[in-house]
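For reference, the structure discussed in these notes is given below.
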Amino acid sequence: MNRMKLAFDLSFTHTEGGWSAPGSWVGAAYPDVRMFTELAIAAERGGIDMLFFGDGTGIPDTWESSMDAAVRHGVQWPRQDMSPFVAAMAQATSRIGFGLTYSSTYMHPFYVARLLNSLDHVTAGRIAFNVVASGRLADAANYGHDGLMDHDSRYERMEEFVEVCRRLWDSVEPGAIVADRETGVFADPSKVHRVDHDGTHFRVAGPLPAVPSPQGRPVLVQAGASPRGIAASAAFADVVFGLGGHLPSQVSHRARLDEALVAAGRAPEDVGILWAIQVVLGETEAEARAKKERMTGSLPPEAVGAYLSYNHGFDFSTLPERFALAEVAEAITEAQATQAGFLQRLIAQRGEDAEMERREFFEEGWRFATGYDQTIAGTPATVADELEKQFAATGSRGGFMVCNPMSMPSSLLDVVHLLVPELRRRGAVGDGYAGTTLRENLLGA
Ligand SMILES: Cc1cc2nc3c(=O)[nH]c(=O)nc-3n(C[C@H](O)[C@H](O)[C@H](O)COP(=O)(O)O)c2cc1C
């Protein structure tokens, strides 16, 4: 039987109101590195396979073409480059893995391949690379672009980006360094190979000026869920990060990924999906429900607008008073923005022809932005029941990524102290780490 894997997303520990919620740190503020080492130690105690960091470099400024709402309410801002934090967390732990996100749309594969090789050394083989295609205008502006690269080209660039990285990671053979004091030979040149990649987006000579890291290459994660995004996952992902919270969409995502994997000549059993979930745990159902109700009012409407507009790359402040979902979808496609997320969910629930009022759109948007509807609130037993149900319905491969904690560190501690013991008691997760590398722990049975 495959066991569930558990990851915890630390992207938004302090934003979207989390910084002031009950159960959040007092006397420490983001980005104090000690907050993160504390989390890593606690998560490792709970056998969490991976701590994960999404990323984006832009401040949400799509809403009304201004970043003020995002800054005022702390919407996805601020965000550090978490790679030095991961290096620090790795020194305080020995088994838990770390997922880092870099944009294949704007960054250069040589830089990213070299950085991740070094981090895999520093962490002794505990790094994953979440390869993202950037669909946000604020990110584009930081790299000198006025608009977005078109959707499918982003994925073509992503696949070439990964191909270059993989060739660089393979460019030096294990055992290249001989360090023979007798002969004075440091390394064997026959084990060090140029790459000479000359493609559509990149020209890279190589080799990487580094020796192979413990994992050889990081675990590769990809999240895009459009047909083109799923084809990219099938091409290279070791594990997929999928939107959770709506089981029929998850079952369909799993089926579409399986089809794409078969078309790419890969075995569907080999690629798990980590479903994004939000959980609120309590010793009793009533306690969990009361905690969940604290979400209400945590984000004012303009913060919701800033959040949704940024994530879709489309300014929802321009919506008319009444509209059909198909019209919004069309406008988004024309703007080369993405429908993934809120709009996709609305269309799945109501159908493309459904009409909506602007007010209703933002009310629903609040529920989406906070994850209110998708949040599973309950005792360890009821939450574990739900996870087991979703895991079985989606092919028992992969597991879950706990996202958008209500407050930190308390939400992580609840998972470690309440949920993990229940899942272990049922044999749904392992008793600890089976191996030393992230590849062994996250991708093993
Ligand atoms: C669960 C999930 C997590 C994502 N994380 C990030 C991220 O951290 N940074 C980012 O720039 N994009 C992120 N993305 C965006 C994807 O890389 C991709 O651009 C987006 O889903 C649109 O692609 P699609 O149309 O194929 O779904 C994420 C997407 C999903 C579904």
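For the record, in the sequence shown the residue sitting at position 435 is 435 according to UniProt numbering, with numbers rising by one throughout.
Backbone N, C-alpha and C define an ideal beta-carbon position, used for all residues, glycine too.
Here's a check: name, in chain order, each residue in its chain whose Cβ is nearer than 6 Å to the Cβ of residue i, leaving out the five neighbours to either side.
i	result
residue 449	Because the chain is modelled from 1 through 445, residue 449 falls outside the range shown and cannot be assessed.
Gly54	Ser11, Thr101
Ala260	Ile230, Ala231, Ala234
Gly341	Asn311
Pro405	Ser411
Phe110	Val204
Arg154	Thr105, Ala133
For ligand 1, I want to know if residue i counts as a neighbour, meaning its beta carbon is within less than 7 Å of at least one of the ligand's heavy atoms.
i	result
Ala223	yes
Asn404	no
Ser226	yes
Thr333	no
Asn130	yes
His201	no
residue 455	No answer is possible for residue 455: it lies beyond the span of the chain, which begins at 1 and ends at 445.
Ser103	yes
Ser134	yes
Leu308	no
Thr13	no
Leu243	yes
Thr338	yes
Ala276	yes
Asp55	yes
Gly229	yes
Gly253	The identity of residue 253 in the sequence shown is His, whereas the question assumes Gly. His253: no, Cβ never under 7 Å from ligand 1.
His151	yes
According to DSSP, what are the bridge partners of residue i?
i	result
Pro409	Ser24
Glu363	Note: Glu363 sits in no beta bridge, so no partner.
Ala324	Glu355
Leu6	Phe400
Gly272	Val239
Val219	Ala128
Val204	His197
Gly378	Leu281
Ile177	Ala187
Gly297	Answer by DSSP bridge pairing: none, since Gly297 is not bridged.
Thr101	Asn130
Leu115	Answer is none; Leu115 lacks a bridge partner.
Met50	Ala7, Gly97
CB-CB under 7 Å to residue i, same chain, minus the five flanking residues each way: which ones, in chain order?
i	result
Glu364	Leu346
Ala179	Phe186
Ala288	Val280, Leu281, Gly282, Ala377, Gly378, Thr379
Ala264	Ala234, Ala235
Phe85	Val33, Phe36
Under 8 Å Cβ to Cβ from residue i, same chain only, skipping five residues before and after it: list those, please.
i	result
Ala42	Pro409, Leu412, Leu413, Val416
Ala21	Arg294, Ser298, Met406, Ser407
Ser94	Glu44, Ala124, Thr436
Arg266	Ala234
Trp366	Leu299, Pro301, Val304, Tyr372
Glu156	Thr200, His201
Any Cβ of chain D within less than 8 Å of the Cβ of residue i?
i	result
Asp315	The chain labelled as chain D is not found in the depicted structure, where only one protein chain is given.
**OP:** Determine, using beta-carbon pairs with one atom in the stretch 168-183 and one in the stretch 208-219, whether at least three such pairs fall under 8 Å.
**Re:** yes
**OP:** Examine the Cβ distances between the stretch 427-438 and the stretch 24-41 and report whether three or more of them are shorter than 8 Å.
**Re:** no
Original post:
Is the stretch 395-404 touching the stretch 273-286, taking contact as three or more C-beta pairs under 8 Å?
Top reply: yes
Subject >> Meets three-Cβ-pair contact criterion under 8 Å: the stretch 88-100 and the stretch 57-71 >> reply: no
Subject >> At least three beta-carbon pairs within less than 8 Å, the stretch 132-149 to the stretch 313-323 >> reply: yes
Original post:
Does the count of Cβ pairs from the stretch 314-333 and the stretch 116-123 closer than 8 Å reach three?
Top reply: no
Original post:
Are the stretch 322-338 and the stretch 353-367 touching by the rule of at least three beta carbon pairs closer than 8 Å?
Top reply: yes
**OP:** Evaluate the contact criterion for the stretch 419-427 versus the stretch 66-76: three or more CB pairs, one atom per stretch, below 8 Å.
**Re:** no
Original post:
Do the stretch 187-202 and the stretch 123-131 touch if we need at least three Cβ pairs shorter than 8 Å?
Top reply: no
Original post:
Is the stretch 238-246 in contact with the stretch 214-229, if contact means three or more CB pairs nearer than 8 Å?
Top reply: yes
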